[in-house]
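Below is one structure, written out as C-alpha coordinates, with a few remarks after it.
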Amino acid sequence: MSKKRRGKSLEEKRAIVQKILIDTQRVFKLPDLEKSASKKGVTKQSVKEVVQSLVDDNFIQSDKIGSGNFFWCFPSQNYNQKKLEHQKLADEIKKLEDENKHFEEQIKILQPERELTKERETLSNELEELEAQNNKLDEDIELYESLDLETCMSMKESIRISKESVNRWTDNIYQTISYCKKKFNIQEDQLRKGFGISQDIDYYD
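Using the numbering used here, the first residue of the sequence shown is number 460, and each one after it goes up by one.
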(Lines of atoms letter the chains of each structure in order from A and count residues from 1; the text may use other names and numbers.)
(Lines give C-alpha, C1' and ligand atoms only; values in the text may rest on other atoms or scores of the structure.)
Protein backbone atom coordinates (compact mmCIF):
# COMPACT_ATOMS: atom_id res chain seq x y z
CA MET A 1 0.00 0.00 0.00
CA SER A 2 1.56 3.28 -1.11
CA LYS A 3 1.78 6.20 1.28
CA LYS A 4 -0.51 9.14 0.62
CA ARG A 5 1.45 12.13 -0.67
CA ARG A 6 1.45 15.06 1.73
CA GLY A 7 -0.08 18.27 0.37
CA LYS A 8 2.04 21.40 0.12
CA SER A 9 1.73 24.07 2.78
CA LEU A 10 0.68 27.62 1.94
CA GLU A 11 4.25 28.87 2.36
CA GLU A 12 5.55 26.21 -0.02
CA LYS A 13 2.93 27.17 -2.60
CA ARG A 14 3.78 30.86 -2.22
CA ALA A 15 7.47 30.14 -2.76
CA ILE A 16 6.73 28.11 -5.93
CA VAL A 17 4.48 30.77 -7.48
CA GLN A 18 6.87 33.61 -6.65
CA LYS A 19 9.81 31.65 -8.11
CA ILE A 20 7.89 31.08 -11.36
CA LEU A 21 7.36 34.84 -11.72
CA ILE A 22 10.97 35.70 -10.87
CA ASP A 23 12.58 33.01 -13.04
CA THR A 24 10.46 33.71 -16.15
CA GLN A 25 10.43 37.51 -15.72
CA ARG A 26 7.08 37.47 -17.50
CA VAL A 27 3.72 39.11 -16.88
CA PHE A 28 1.09 36.40 -16.29
CA LYS A 29 -2.66 36.32 -16.44
CA LEU A 30 -4.19 34.16 -13.72
CA PRO A 31 -5.12 31.19 -16.00
CA ASP A 32 -1.55 31.04 -17.37
CA LEU A 33 -0.13 31.20 -13.86
CA GLU A 34 -2.47 28.42 -12.75
CA LYS A 35 -1.14 26.17 -15.55
CA SER A 36 2.51 26.88 -14.73
CA ALA A 37 1.99 26.43 -11.00
CA SER A 38 0.09 23.16 -11.45
CA LYS A 39 3.14 21.73 -13.24
CA LYS A 40 5.15 22.51 -10.09
CA GLY A 41 2.72 20.70 -7.81
CA VAL A 42 0.35 23.53 -6.86
CA THR A 43 -3.28 22.65 -7.53
CA LYS A 44 -5.09 25.02 -9.88
CA GLN A 45 -7.88 25.56 -7.37
CA SER A 46 -5.46 27.01 -4.80
CA VAL A 47 -3.41 29.28 -7.11
CA LYS A 48 -5.81 32.23 -6.91
CA GLU A 49 -5.68 32.25 -3.10
CA VAL A 50 -1.88 31.88 -3.12
CA VAL A 51 -1.45 34.71 -5.63
CA GLN A 52 -3.74 37.01 -3.65
CA SER A 53 -1.77 36.38 -0.45
CA LEU A 54 1.47 37.28 -2.27
CA VAL A 55 -0.11 40.47 -3.62
CA ASP A 56 -1.43 41.41 -0.16
CA ASP A 57 2.07 41.01 1.31
CA ASN A 58 3.66 42.97 -1.58
CA PHE A 59 5.77 40.01 -2.66
CA ILE A 60 4.44 40.23 -6.22
CA GLN A 61 2.88 43.04 -8.25
CA SER A 62 -0.54 43.07 -9.91
CA ASP A 63 -2.58 45.34 -12.14
CA LYS A 64 -6.01 45.20 -13.75
CA ILE A 65 -5.97 45.98 -17.47
CA GLY A 66 -9.35 45.84 -19.13
CA SER A 67 -11.13 42.78 -17.85
CA GLY A 68 -7.99 40.85 -16.96
CA ASN A 69 -5.68 40.80 -13.93
CA PHE A 70 -1.95 40.59 -14.58
CA PHE A 71 0.78 39.49 -12.18
CA TRP A 72 4.57 39.79 -12.20
CA CYS A 73 7.63 39.84 -9.96
CA PHE A 74 10.95 40.97 -11.38
CA PRO A 75 14.22 40.27 -9.52
CA SER A 76 14.75 43.96 -8.75
CA GLN A 77 11.32 44.14 -7.11
CA ASN A 78 12.05 41.06 -5.03
CA TYR A 79 15.34 42.61 -3.94
CA ASN A 80 13.63 45.86 -3.01
CA GLN A 81 11.00 43.95 -1.03
CA LYS A 82 13.70 42.11 0.92
CA LYS A 83 15.46 45.41 1.49
CA LEU A 84 12.26 46.96 2.85
CA GLU A 85 11.72 44.00 5.16
CA HIS A 86 15.30 44.27 6.39
CA GLN A 87 14.89 47.99 7.06
CA LYS A 88 11.62 47.37 8.89
CA LEU A 89 13.30 44.81 11.12
CA ALA A 90 16.28 47.12 11.67
CA ASP A 91 13.92 49.94 12.69
CA GLU A 92 12.10 47.62 15.09
CA ILE A 93 15.39 46.49 16.64
CA LYS A 94 16.48 50.13 17.03
CA LYS A 95 13.15 50.96 18.68
CA LEU A 96 13.52 48.08 21.14
CA GLU A 97 17.13 49.06 21.89
CA ASP A 98 16.06 52.66 22.58
CA GLU A 99 13.26 51.46 24.87
CA ASN A 100 15.67 49.17 26.71
CA LYS A 101 18.15 52.05 27.12
CA HIS A 102 15.36 54.26 28.46
CA PHE A 103 14.34 51.61 31.01
CA GLU A 104 17.96 51.17 32.13
CA GLU A 105 18.29 54.94 32.63
CA GLN A 106 15.06 54.98 34.65
CA ILE A 107 16.39 52.17 36.84
CA LYS A 108 19.60 54.15 37.47
CA ILE A 109 17.53 57.21 38.40
CA LEU A 110 15.11 55.36 40.67
CA GLN A 111 17.71 53.21 42.47
CA PRO A 112 19.27 56.10 44.48
CA GLU A 113 15.76 57.33 45.31
CA ARG A 114 14.90 53.93 46.76
CA GLU A 115 18.12 53.91 48.79
CA LEU A 116 17.51 57.50 49.90
CA THR A 117 13.98 56.56 50.99
CA LYS A 118 15.44 53.83 53.21
CA GLU A 119 17.95 56.31 54.66
CA ARG A 120 15.15 58.81 55.26
CA GLU A 121 13.05 56.20 57.05
CA THR A 122 15.98 55.26 59.28
CA LEU A 123 16.81 58.89 59.99
CA SER A 124 13.18 59.73 60.75
CA ASN A 125 13.00 56.89 63.26
CA GLU A 126 16.19 58.10 64.92
CA LEU A 127 14.84 61.65 65.02
CA GLU A 128 11.60 60.50 66.65
CA GLU A 129 13.60 58.57 69.23
CA LEU A 130 15.76 61.61 69.88
CA GLU A 131 12.75 63.88 70.33
CA ALA A 132 11.16 61.39 72.71
CA GLN A 133 14.33 61.23 74.81
CA ASN A 134 14.62 65.00 74.76
CA ASN A 135 11.06 65.36 76.05
CA LYS A 136 11.81 62.82 78.76
CA LEU A 137 14.94 64.78 79.68
CA ASP A 138 12.95 68.00 80.01
CA GLU A 139 10.49 66.24 82.32
CA ASP A 140 13.36 64.85 84.40
CA ILE A 141 14.88 68.30 84.77
CA GLU A 142 11.59 69.71 86.03
CA LEU A 143 11.40 66.95 88.63
CA TYR A 144 15.06 67.43 89.55
CA GLU A 145 14.42 70.94 90.74
CA SER A 146 11.86 69.82 93.34
CA LEU A 147 13.45 66.63 94.77
CA ASP A 148 15.69 65.96 97.79
CA LEU A 149 19.46 65.47 97.49
CA GLU A 150 19.50 61.66 97.32
CA THR A 151 16.80 61.56 94.75
CA CYS A 152 18.52 64.39 92.92
CA MET A 153 21.79 62.44 92.74
CA SER A 154 19.97 59.44 91.32
CA MET A 155 18.14 61.64 88.90
CA LYS A 156 21.39 63.34 87.95
CA GLU A 157 22.87 59.96 86.97
CA SER A 158 19.79 59.17 84.94
CA ILE A 159 20.10 62.51 83.21
CA ARG A 160 23.77 61.84 82.45
CA ILE A 161 22.87 58.51 80.84
CA SER A 162 20.05 60.14 78.93
CA LYS A 163 22.38 62.87 77.68
CA GLU A 164 24.87 60.27 76.46
CA SER A 165 22.09 58.44 74.67
CA VAL A 166 20.80 61.65 73.12
CA ASN A 167 24.29 62.56 71.97
CA ARG A 168 24.72 59.13 70.41
CA TRP A 169 21.49 59.59 68.46
CA THR A 170 22.59 63.08 67.45
CA ASP A 171 25.90 61.67 66.27
CA ASN A 172 24.06 59.00 64.25
CA ILE A 173 21.96 61.68 62.58
CA TYR A 174 24.99 63.74 61.60
CA GLN A 175 26.77 60.63 60.30
CA THR A 176 23.71 59.72 58.23
CA ILE A 177 23.53 63.26 56.82
CA SER A 178 27.22 63.09 55.91
CA TYR A 179 26.74 59.70 54.25
CA CYS A 180 23.79 60.91 52.17
CA LYS A 181 25.66 64.08 51.13
CA LYS A 182 28.57 62.05 49.78
CA LYS A 183 26.64 59.17 48.21
CA PHE A 184 23.79 61.12 46.63
CA ASN A 185 25.53 64.50 46.14
CA ILE A 186 22.76 66.38 47.98
CA GLN A 187 23.21 69.61 49.95
CA GLU A 188 22.79 69.39 53.73
CA ASP A 189 19.97 71.98 53.71
CA GLN A 190 18.02 69.83 51.24
CA LEU A 191 18.54 66.74 53.39
CA ARG A 192 17.41 68.51 56.55
CA LYS A 193 14.37 69.91 54.79
CA GLY A 194 13.49 66.56 53.19
CA PHE A 195 13.89 64.63 56.45
CA GLY A 196 12.37 67.33 58.67
CA ILE A 197 15.59 67.82 60.69
CA SER A 198 15.77 71.12 62.55
CA GLN A 199 18.89 73.29 62.31
CA ASP A 200 18.74 73.57 66.13
CA ILE A 201 19.59 69.91 66.79
CA ASP A 202 22.91 69.79 68.65
CA TYR A 203 24.83 67.81 71.25
CA TYR A 204 23.97 68.14 74.95
CA ASP A 205 26.83 69.24 77.21
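Glycine included, every Cβ here is placed at the ideal spot set by N, Cα and C.
What you are looking at is a predicted structure, and each value in this text was computed from that prediction instead of being measured.
Where Asn584 sits in the DSSP three-state scheme: Taking the sequence shown and counting its residues from 1, the one referred to as residue 584 is at position 125. The answer is helix: DSSP assigns Asn584 an H, G or I state.
What does DSSP give as the partner residues of Trp531 in its beta bridges? Along the sequence shown, read from residue 1 onward, the residue named residue 531 stands at position 72. Partner(s): Gln520.
Does the Cβ of Thr635 have 16 or more other Cβ atoms within 10 Å, making it buried, or fewer, making it exposed? Translated into positions along the sequence shown, residue 635 becomes position 176. Buried: at least 16 other Cβ atoms inside 10 Å.
Going by DSSP in three states, Lys467 sits in which element: helix, strand or coil? For the purposes of this step, residue 467 is taken as residue 8 along the sequence shown, with counting starting at 1. Note: Lys467 maps to coil in three-state DSSP.
Kindly indicate the opening and closing residues of the alpha helix (DSSP H) around Arg651. Along the sequence shown, read from residue 1 onward, the residue named residue 651 stands at position 192. Glu647 to Phe654 is the extent of the alpha helix (DSSP H) around Arg651.
Name the residue from Ser468, Lys503, Asp491 and Phe518 whose alpha carbon lies nearest to the alpha carbon of Asn700. As shown, the chain starts at 460 and ends at 664. That puts residue 700 outside it, with no answer to give.
Residues bridged to Lys488 by DSSP? By 1-based counting over the sequence shown, the position of residue 488 is 29. For Lys488, which the question treats as bridged, DSSP gives the partners Phe529.
Beta-carbon within less than 8 Å of Ser668's beta-carbon, same chain only, minus the 5 sequence neighbours each way: which residues are those? The structure shown has nothing for residue 668, since the chain only spans 460 to 664.
Beta carbon of Val514, beta carbon of Val476: below 8 Å? Along the sequence shown, one-based indexing puts residue 514 at 55. Along the sequence shown, one-based indexing puts residue 476 at 17. No.
Check whether Phe487 and Phe530 have beta carbons under 8 Å apart: Residue numbering aside, residue 487 sits at position 28 when the sequence shown is read from its first letter. Residue numbering aside, residue 530 sits at position 71 when the sequence shown is read from its first letter. Against a cut-off of 8 Å, the Cβ pair of Phe530 and Phe487 comes out as a contact.
Here's a check: name, in chain order, each residue in its chain whose Cβ is nearer than 7 Å to the Cβ of Lys577, leaving out the five neighbours to either side. Looking up residue 577 in the sequence shown gives position 118. Hits under 7 Å: none found.
Going by beta carbon distance, what residues of the same chain come within less than 8 Å of Asn644, once the five residues before and after it are set aside? Here residue 644 refers to the residue found at position 185 when the sequence shown is read from its first residue. For Asn644, where only same-chain residues beyond five positions count, there are no Cβ hits under 8 Å.
If contacts are defined as beta-carbon pairs under 8 Å, then Arg473 and Ser512 qualify, I think. What distance do you get, rounded to the angstrom? Within the sequence shown, the letter at position 14 stands for residue 473. Within the sequence shown, the letter at position 53 stands for residue 512. Indeed, because the Cβ distance is near 6 Å, the residues count as touching under 8 Å.
Where Lys478 sits in the DSSP three-state scheme: Locating residue 478 in the sequence shown gives position 19, where the first residue counts as 1. In this structure, Lys478 counts as helix in the three-state DSSP scheme.
Could you give the C-beta distance for Thr629 and Leu582, rounded to a whole number, given that I count them as a contact under 8 Å? Residue mapping note: residue 629 aligns to position 170 of the sequence shown, counting from 1. Residue mapping note: residue 582 aligns to position 123 of the sequence shown, counting from 1. Not confirmed; about 12 Å, so no contact.
Got a sec? Which residues, its chain only, sit under 7 Å from Lys503 by beta carbon, not counting five neighbours each side? Taking the first residue of the sequence shown as position 1, residue 503 is located at position 44. Same-chain partners within the cutoff: Glu493 and Ser497.
Short of 7 Å in beta carbon distance, which residues of its chain neighbour Pro534, apart from the five on each side in sequence? Order them along the chain. Along the sequence shown, one-based indexing puts residue 534 at 75. These residues qualify, in order along the chain: Ile481.
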